[in-house]
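There are 2 protein chains.
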Amino acid sequence: MKSAIPETGVPITQPAAGNDRQEASLHGEILLRLRDYVVEGNIPEGGRVPERQLCEMLRISRTPLREALKVLAAEGLIELLPNRGARVRQLSPRDLEELFDVMAGLESLAGRLACESITDEEIAAIERLHYEMYGHYLHRDMHGYFQTNQQIHESIVAAARNATLKTTYANFAGRIRRVRYSANFARKRQRWAEAMREHEAILDALRRRAGSELSDILFAHLRNKRSAAIEHLAEGPDSARETAPQRS
Amino acid sequence: MKSAIPETGVPITQPAAGNDRQEASLHGEILLRLRDYVVEGNIPEGGRVPERQLCEMLRISRTPLREALKVLAAEGLIELLPNRGARVRQLSPRDLEELFDVMAGLESLAGRLACESITDEEIAAIERLHYEMYGHYLHRDMHGYFQTNQQIHESIVAAARNATLKTTYANFAGRIRRVRYSANFARKRQRWAEAMREHEAILDALRRRAGSELSDILFAHLRNKRSAAIEHLAEGPDSARETAPQRS
DNA sequence: AATACAAAAAATGAATGCAAAATGATTGAC
DNA sequence: GTCAATCATTTTGCATTCATTTTTTGTATT
Chain A
84 MKSAIPETGV
94 PITQPAAGND
104 RQEASLHGEI
114 LLRLRDYVVE
124 GNIPEGGRVP
134 ERQLCEMLRI
144 SRTPLREALK
154 VLAAEGLIEL
164 LPNRGARVRQ
174 LSPRDLEELF
184 DVMAGLESLA
194 GRLACESITD
204 EEIAAIERLH
214 YEMYGHYLHR
224 DMHGYFQTNQ
234 QIHESIVAAA
244 RNATLKTTYA
254 NFAGRIRRVR
264 YSANFARKRQ
274 RWAEAMREHE
284 AILDALRRRA
294 GSELSDILFA
304 HLRNKRSAAI
314 EHLAEGPDSA
324 RETAPQRS
Chain B
84 MKSAIPETGV
94 PITQPAAGND
104 RQEASLHGEI
114 LLRLRDYVVE
124 GNIPEGGRVP
134 ERQLCEMLRI
144 SRTPLREALK
154 VLAAEGLIEL
164 LPNRGARVRQ
174 LSPRDLEELF
184 DVMAGLESLA
194 GRLACESITD
204 EEIAAIERLH
214 YEMYGHYLHR
224 DMHGYFQTNQ
234 QIHESIVAAA
244 RNATLKTTYA
254 NFAGRIRRVR
264 YSANFARKRQ
274 RWAEAMREHE
284 AILDALRRRA
294 GSELSDILFA
304 HLRNKRSAAI
314 EHLAEGPDSA
324 RETAPQRS
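In the order they appear, the protein sequences are chains A and B. Position 114 of the first sequence, counted from 1, bears residue number 197 in our numbering, the numbering being contiguous throughout. Position 230 of the second sequence, counted from 1, bears residue number 313 in our numbering, the numbering being contiguous throughout.
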């Protein structure tokens with residue numbers, strides 16, 4: 084039987100640089116590596132994750148690996164079936180809806196909080212990102228657009244000055260990362276223009292420090308993304324793939 | 084050397100009934116028990132949690148216990164110092180502010196979502212809880228008030244029909260449970276009356292399915308709770324203790 | 001040839017063992 | 001008498017081992 088993990092003899096990747104607080108103990112190292120490995124989509128959805136193989140890959144024994152797996156399961160990235168090993172969690176359409184909604188709630192919250200303490204400089208930085216993104220939009224540069232878009236949203240979360248929120252946000256972002264990426268490519272031209280308008284509204288509310296309003300706008304914005312993603316997956320993720328640039 | 088754990092020879096409590104999805108494997112059992120044990124405040128803040136002792140207590144070996152500890156650490160309930168064991172996480176005032184704000188965001192989201200699909204029956208049930216709570220208010224029954232209040236908020240979360248949100252909410256609720264409980268006793272009469280008015284506004288918005296409005300009200304409501312809790316802790320948690328009924 | 005049963009192989013869950021680090025105590029120096 | 005250094009004990013981190021459960025494979029029977 085073929086395993087789900089591609090057999091590179093080399094230990095996966097170097098520990099991710101800017102993740103979050105995690106001690107340097109071997110187990111923590113493993114956790115970071117494994118998380119990135121899963122989030123980056125190196126294992127197909129629902130694919131089995133044989134412990135033995137991962138152990139060889141990471142050159143460690145099963146004990147710290149299993150600890151890491153338990154944590155990843157708690158984070159919702161994988162699921163542990165009793166006596167039947169770990170699988171990469173398969174997200175049902177309903178799961179996705181739920182995740183998007185929670186993300187929407189978190190960003191909405193981030194916006195509200197950001198309005199309480201964001202500085203003019205931070206807003207200026209976001210404005211610069213906005214214009215950069217507008218450039219990508221004009222050039223039809225999906226990849227650039229996606230990245231800058233992500234940066235804007237992360238800037239808002241950062242401006243909320245709430246480390247707990249930031250961590251939680253990162254967790255959820257990780258869970259839907261693959262889908263979210265492909266969801267952005269699902270955007271039809273019309274939706275794209277719409278998103279740009281929404282971003283203008285976001286900036287406007289931010290400038291006025293209108294927390295409650297921004298909260299509404301961000302929620303609606305994410306809700307629209309959700310719809311795009313769901314439709315996209317419904318009609319098959321490959322249909323829009325041709326417009327996607329190669330991923331380096 | 085005295086340990087932080089009271090030495091009951093009896094294995095702590097029975098596995099919590101209505102917690103969340105967790106397989107019945109020994110490890111899962113342990114996880115549930117330990118989580119409850121910590122959440123219920125059986126270990127003082129910052130207290131050490133010696134593995135050996137817990138093992139004897141739970142009658143298991145260290146392996147599954149350590150797995151459970153890792154998960155609890157990921158959930159933010161305890162922290163693991165490298166080579167120095169586990170401690171119950173001590174929440175700084177800033178941590179509390181952050182946690183309350185995230186809770187506020189989650190409830191705010193729950194309200195918004197609830198407005199999309201809540202039934203008249205569910206609203207009626209919440210109304211009943213509201214009147215029950217009003218009774219507790221009139222009788223100055225803090226404990227009853229606290230419990231009913233909790234039920235109302237949980238009903239709103241349930242009405243959001245989002246299992247992911249519910250789980251996340253439960254997680255955060257667990258983290259601040261002790262503080263939250265005492266925070267409710269911190270309420271001065273004035274704040275209490277204020278909270279009642281806020282709850283009326285919540286119900287009103289809910290009846291009208293005014294999602295955005297409800298979102299604002301809930302956020303403000305939780306923010307006020309936050310303030311009360313912070314002030315309360317600043318002046319020392321014992322100052323209001325005399326009004327607290329005995330805990331069963 | 002297909003199905004059912006059985007035995008072997010593999011994988012998981014938990015316990016034990018061993019090395020390294022930390023904690024505490026004892027001893028020695030000033 | 002106080003402080004510091006060394007040594008013993010405890011505790012943690014990880015590897016290894018043992019026991020079950022699952023999965024696979026081979027064989028026999030229909």
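A virtual CB, placed ideally from N, CA and C, is assigned to each residue, including glycine. Just so we're clear, the structure is a prediction, and the values are computed from it rather than from any experiment.
Helix, strand or coil at SER86 of chain A [DSSP, three-state]: Mapped onto the first sequence, residue 86 of chain A falls at position 3. Model confidence at SER86 of chain A stands at a pLDDT of 46, short of 50, so the residue's coordinates are unreliable; what they give is reported in the following sentence. It is coil, neither helix nor strand.
Whole angstroms are fine: how far does the CA of LEU212 of chain B sit from the CA of ARG167 of chain A? The residue given as residue 167 of chain A occupies position 84 in the first sequence. The residue given as residue 212 of chain B occupies position 129 in the second sequence. ARG167 of chain A and LEU212 of chain B: Cα-Cα distance of roughly 44 Å.
So does the segment 162-181 of chain A actually touch the segment 174-193 of chain B, counting three or more Cβ pairs closer than 8 Å? Between the segment 162-181 of chain A and the segment 174-193 of chain B there are fewer than three C-beta pairs closer than 8 Å, too few to call the two in contact.
Going by Cα to Cα distance, which pick from B:ALA293, B:GLY159, B:THR247 and B:LEU164 is closest to PRO133 of chain B? In the second sequence, the residue the question calls residue 133 of chain B occupies position 50. Closest by alpha carbon: B:LEU164.
Per-residue DSSP class, three states only, for GLY168 of chain B: Position 85 of the second sequence holds residue 168 of chain B. Residue state, collapsed to three classes: strand.
Mind checking who VAL132 of chain B pairs with in its DSSP beta bridge? Numbered from 1 along the second sequence, position 49 holds the residue referred to as residue 132 of chain B. In DSSP, VAL132 of chain B forms a bridge with B:ALA169.
Mind listing the chain B neighbours of LEU148 of chain A? Cutoff is C-beta to C-beta under 8 Å, in chain order. Mapped onto the first sequence, residue 148 of chain A falls at position 65. Going along chain B, no residue has its Cβ under 8 Å from LEU148 of chain A, so there is no contact; the nearest lies around 11 Å.
Look up ILE161 of chain A in the DSSP assignment and say whether it is helix, strand or coil. The residue given as residue 161 of chain A occupies position 78 in the first sequence. Three-state DSSP puts ILE161 of chain A in a strand.
Alpha-carbon spacing of LYS271 of chain A relative to ALA207 of chain A, whole angstroms: By one-based count along the first sequence, residue 271 of chain A stands at place 188. By one-based count along the first sequence, residue 207 of chain A stands at place 124. Distance between the alpha carbons of LYS271 of chain A and ALA207 of chain A is about 29 Å.
So, does the CB of ASP299 of chain B fall closer than 8 Å to a CB anywhere in chain A? Within the second sequence, residue 299 of chain B is the residue found at index 216, counting from 1. Output row for ASP299 of chain B: interface = yes.
Inter-stretch contact (C-beta, 8 Å, three-pair minimum) for the segment 194-207 of chain A and the segment 215-223 of chain A: Segments in contact, no.
Going by DSSP in three states, ILE259 of chain B sits in which element: helix, strand or coil? Position 176 of the second sequence, counted from the first residue, corresponds to residue 259 of chain B. Here ILE259 of chain B sits in coil by DSSP.
Using a Cβ-Cβ distance cut-off of 8 Å, determine whether ALA288 of chain A contacts chain B. Along the first sequence, read from residue 1 onward, the residue named residue 288 of chain A stands at position 205. It does not; no Cβ of chain B falls within 8 Å.
Beta-carbon proximity check, ALA293 of chain B vs LEU248 of chain B, cutoff 8 Å: Walking along the second sequence from the start, residue 293 of chain B turns up at place 210. Walking along the second sequence from the start, residue 248 of chain B turns up at place 165. No, they are not a contact pair.
Using a Cβ-Cβ cut-off of 7 Å (strictly less than) and excluding sequence neighbours within five positions of PRO94 of chain A, which residues of its own chain qualify? The residue you call residue 94 of chain A lines up with position 11 of the first sequence. Legend: pLDDT at PRO94 of chain A = 36, less than 50; position of this residue unreliable, value from coordinates given subsequently. Excluding positions up to five away in sequence, the list reads MET140, LEU141 and ARG142.
Just curious, the alpha helix (DSSP H) that ASP184 of chain A is in, first and last residue? Counted from its first residue, the first sequence places residue 184 of chain A at position 101. Residues 176-200.
Beta-carbon separation (whole angstroms), ALA311 of chain B vs ARG280 of chain B, contact threshold 8 Å: Counted from its first residue, the second sequence places residue 311 of chain B at position 228. Counted from its first residue, the second sequence places residue 280 of chain B at position 197. Not quite, the Cβ-Cβ distance comes to about 15 Å (not below 8 Å), so this is no contact.
Report yes if the CB atom of ALA157 of chain B is closer than 8 Å to the CB atom of ALA246 of chain A, and no otherwise. Residue 157 of chain B sits at position 74 when you count from the first residue of the second sequence. Residue 246 of chain A sits at position 163 when you count from the first residue of the first sequence. Not a contact, by the Cβ cut-off of 8 Å.
What does ASP224 of chain B reach in chain A if we use C-beta pairs closer than 9 Å? For the purposes of this step, residue 224 of chain B is identified with residue 141 of the second sequence, where counting begins at 1. Within chain A, no residue comes near ASP224 of chain B; the closest Cβ sits about 33 Å away, beyond 9 Å.
Residues of the segment 175-189 of chain B with a CB closer than 9 Å to any CB of chain A: list them in chain order, please. ARG177, ASP178, GLU180, GLU181, LEU182, ASP184, VAL185, ALA187, GLY188 and LEU189
Distance between ARG309 of chain B and HIS315 of chain B (C-alpha atoms, nearest Å): Along the second sequence, read from residue 1 onward, the residue named residue 315 of chain B stands at position 232. Along the second sequence, read from residue 1 onward, the residue named residue 309 of chain B stands at position 226. Looking at the two C-alpha atoms, the distance is approximately 10 Å.
Measure from the C-beta of ASN307 of chain A to each C-beta in chain B and report whether the shortest distance is under 8 Å. One-based indexing of the first sequence puts residue 307 of chain A at position 224. No, no contact with chain B.
Within chain A, partners of SER200 of chain B - CB distance below 7 Å: Walking along the second sequence from the start, residue 200 of chain B turns up at place 117. Using a Cβ-Cβ cut-off of 7 Å, SER200 of chain B is close to nothing in chain A; its nearest Cβ partner there is about 12 Å away.
THR250 of chain A versus GLU215 of chain B - alpha carbon distance: Looking up residue 250 of chain A in the first sequence gives position 167. Looking up residue 215 of chain B in the second sequence gives position 132. Taking the straight line joining both Cα atoms gives about 37 Å.
In chain order, what residues of the same chain have a beta carbon less than 8 Å from the beta carbon of ILE152 of chain B, not counting five sequence neighbours either side? Taking the first residue of the second sequence as position 1, residue 152 of chain B is located at position 69. The identity of residue 152 of chain B in the sequence shown is Leu, whereas the question assumes Ile. Cβ neighbours of LEU152 of chain B beyond the five flanking positions: LEU117, VAL132, GLU134, ILE161, LEU163 and ALA169.
Under 8 Å between the Cβ atoms of VAL121 of chain B and LEU148 of chain B? Working through the second sequence from its first residue, we reach residue 121 of chain B at position 38. Working through the second sequence from its first residue, we reach residue 148 of chain B at position 65. Taking 8 Å as the Cβ cut-off, VAL121 of chain B and LEU148 of chain B do not qualify as a contacting pair.
Cβ pair GLY124 of chain A, ARG291 of chain A closer than 8 Å: Stepping through the first sequence from its first residue, residue 124 of chain A is reached at position 41. Stepping through the first sequence from its first residue, residue 291 of chain A is reached at position 208. Not a contact, by the Cβ cut-off of 8 Å.
Taking 6 Å as the limit between beta carbons, can you name the residues of its chain near SER191 of chain A, skipping five residues before and five after? Numbered from its first residue, the first sequence carries residue 191 of chain A at position 108. Here the set comprises SER298, LEU301 and PHE302.
For GLY159 of chain B, I'd like the list of residues in its chain whose CB is within less than 6 Å of its CB, leaving aside the five on either flank, ordered along the chain. Translated into the one-based positions of the second sequence, residue 159 of chain B becomes position 76. Around GLY159 of chain B: ARG258.
I'd like to know whether the C-beta of ARG195 of chain A is nearer than 8 Å to at least one C-beta of chain B. Stepping through the first sequence from its first residue, residue 195 of chain A is reached at position 112. Judged by the 8 Å Cβ criterion, ARG195 of chain A is in contact with chain B.
Which same chain residues end up closer than 7 Å to LEU137 of chain B when comparing Cβ atoms and leaving out the 5 residues on each side of it in sequence? Start at 1 with the first residue of the second sequence, and residue 137 of chain B comes out as number 54. Closer than 7 Å at the Cβ level, and outside the excluded window around LEU137 of chain B, lie LEU148.
Taking GLU128 of chain A as the reference, which of A:HIS110, A:ARG145, A:GLN173 and A:THR146 has the closest Cα? For the purposes of this step, residue 128 of chain A is taken as the residue at position 45 of the first sequence. The shortest C-alpha separation from GLU128 of chain A is found at A:GLN173.
I think LEU189 of chain A touches TYR252 of chain A, with their Cβ atoms under 8 Å apart; what is that distance to the nearest whole Å? Reading the first sequence from its first residue, position 106 is the one you call residue 189 of chain A. Reading the first sequence from its first residue, position 169 is the one you call residue 252 of chain A. Right, their Cβ atoms sit about 5 Å apart.
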